[in-house]
Amino acid sequence: MENENKKIFNSIAVSYNNPWVNNKTERKRIEKIVSYFGLKKGMTIMEPGCGKGDFTPFILKKIGKEGFIYLVDISDEMLKYARKKVGKYKNIKFINSCASEIPIKEKSVDAVIAFNSFPHFYPKQRFVKEFYRVLKEQGFLIIAHDIPERKVNNIHKKANFNMKKNSLPSRKEMFKILKKNGFVVEKYINKGYYFLKAVKSN
Ligand SMILES: C[S@@+](CC[C@H](N)C(=O)[O-])C[C@H]1O[C@@H](n2cnc3c(N)ncnc32)[C@H](O)[C@@H]1O
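One rule links them: number in this note's numbering = place in the sequence shown (from 1) + 917.
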């Protein structure tokens, strides 16, 4: 199951490009979305499905030099590019593993940020459980996309690869999975972009 994604993303890594990386207006739009996350200087973050590290600078800007990021991806090819892009930062650790089994101690991160990656994690329950394990008490999970749920799911339906299992759950299903695994949803937006913030509850 994880290997399907590994194969797919290893094969498309070279051509994988985010349209917002070099577009000033789009970058501003992404920055606006990130401003809702609640990131603070010095926070420790885990970014599952970090890909080529395109989103990482947006996080780094918020947490500063005193913060720390674990970049996790199942695709070694994607991580190769991420190392090239953000490897110069000393406060980043690269982890090539499935985000459902992350070699990080429990209760060690302030926030898990899944940007444009959550649809690829299945079965969802396994990943949400793992995110809960690595989060500190009162830590939070962010699931975000630069486009809304319907567009995300359409892209995966039309993909050249078999991405039928790669989807963003409906609001109802998402809330159910999060509640079942100890999270309280604090904010949910699905208009123009997708943003969900859920806090780890005791
Ligand atoms: C659509 S890309 C997004 C990458 C990055 N977040 C971005 O916005 O550019 C999804 C990433 O999730 C990774 N991925 C897929 N399944 C994964 C899994 N089970 N564990 C960790 N990473 C995974 C892929 O290798 C890929 O790099």
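By construction, the Cβ of each residue, glycine as well, lies at the ideal position given by its N, Cα and C atoms.
Computed from a prediction, not measured in an experiment: that's the story for all the values here.
Residues that residue i bridges to, as DSSP identifies them
i       : result
GLU964  : LEU988
ILE1012 : VAL989
ALA1115 : LEU1058, VAL1102
VAL1026 : LEU1052
ASN1107 : TYR1111
Residue range of the beta strand (DSSP E) that includes residue i
i       : result
HIS1062 : 1052-1062
Three-state secondary structure assigned by DSSP to residue i
i       : result
GLU943  : helix
PHE1032 : strand
PRO902  : No information on residue 902 is available, as it lies outside the stretch 918 to 1119 that the chain covers here.
SER952  : helix
GLU1047 : helix
ASN927  : helix
LEU996  : helix
LYS1041 : helix
ASN1079 : coil
LYS969  : coil
LYS1001 : helix
GLU921  : helix
Where the alpha helix (DSSP H) containing residue i begins and where it ends
i       : result
ASN935  : ASN935 -> no alpha helix (DSSP H), and no H or E assigned at all.
VAL1091 : A small fix is needed here, since residue 1091 is Met in this sequence, not Val. Looking at the DSSP string, the run of the alpha helix (DSSP H) that includes MET1091 is 1088-1097.
ASN1071 : 1066-1075
LEU977  : 973-980
Test: residue i CB closer than 8 Å to a CB of chain C
i       : result
LYS1041 : Looking at the structure shown, chain C is missing, and only one protein chain is on hand.
Cβ contact check for the region 1010-1024 and the region 1060-1074: 3 or more pairs under 8 Å = no
query = Three or more C-beta pairs closer than 8 Å, one from the region 975-988 and one from the region 1002-1009: is that the case here?
reply = yes
request  = Spell out a yes or no on whether the region 1025-1032 and the region 1043-1059 are touching, meaning 3 or more CB-CB pairs, one atom from each, closer than 8 Å.
outcome  = yes
key: Contact between the region 959-966 and the region 1111-1118 (3+ Cβ pairs under 8 Å)   = no
inquiry  = Count Cβ pairs between the region 995-1003 and the region 919-934 that sit closer than 8 Å; are there 3 or more?
reply    = yes
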